[in-house]
Amino acid sequence: MPYSLAVGDEAGDLGFQFGRGSSVHFVTCLVMLNEAEGLRRFVEDYRQQFHLTDAPEFGFHSSSDRNRTAFLSGLMRFDVAIRAVVLDKRTLLTSFRGRALELYAQYWTESLKWAVEAGVLQNAQVVLERFPYGCTA
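To convert, note that position 10 of the sequence shown is 11 in our numbering; the numbers rise steadily by one, no gaps.
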């Protein structure tokens with residue numbers, strides 16, 4: 002099924018100080034749907050219901066379990082497709098680690114190509130939040 006909107010974001014950090022604050026995984030996720038206005042209204046209502054700020058991101062990771070459950074349950078009203086790619090940063094060769102930002106930007110772009118079937122996002126609006134180097138798919 003082709004989708005008209007794809008919203009993507011990443012989780013994790015770009016560091017390699019495992020055990021001292023750096024995340025082990027870097028995750029990219031893409032949520033695809035055809036109801037842009039419905040999603041906008043849902044997010045607006047969710048922000049009001051849980052008294053969240055108007056900041057571009059509402060910090061899913063730092064949200065309470067109650068808020069996360071409410072958000073994910075609310076998404077169930079939409080016909081969505083979700084694709085995610087998880088990178089275990091420990092598997093990267095040490096020689097690549099100095100180029101982390103560049104590699105992650107390339108990895109994000111390539112992961113979108115791998116994760117989305119051909120034709121699913123033709124003519125779609127793609128919104129990628131906090132994307133390294135501002136790359137586009």
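By construction, the Cβ of each residue, glycine as well, lies at the ideal position given by its N, Cα and C atoms.
Beta-ladder partner(s) of residue i, from DSSP
i, result
"A85", "C30"
"S23", "F19"
"E11", "T29"
"L6", "L34 and Q126"
Residue i to residue j span [Cα, whole Å]
i, j, result
"S64", "R98", "31 Å"
"D80", "T70", "18 Å"
"C30", "G13", "12 Å"
"C136", "V127", "Annotation note: pLDDT 37 at C136 (below 50); position unreliable, no value reported."
"K67", "L53", "Checking the sequence shown, residue 67 turns out to be Arg, not Lys. Their backbone Cα atoms lie some 14 Å apart in a straight line."
Residue i, enclosing alpha helix (DSSP H) - first and last residue
i, result
"G39", "A37 to Q50"
The beta strand (DSSP E) enclosing residue i, as first and last residue numbers
i, result
"A71", "Taken as a continuous stretch (DSSP letters only), A71 belongs to no beta strand (DSSP E), being part of the alpha helix (DSSP H) at D66 to L76."
Selection from the options that minimises the alpha carbon distance to residue i
i, options, result
"L88", "Y4, V8, M2 and S24", "S24"
"T95", "V8, Q18, Q107 and G9", "Q18"
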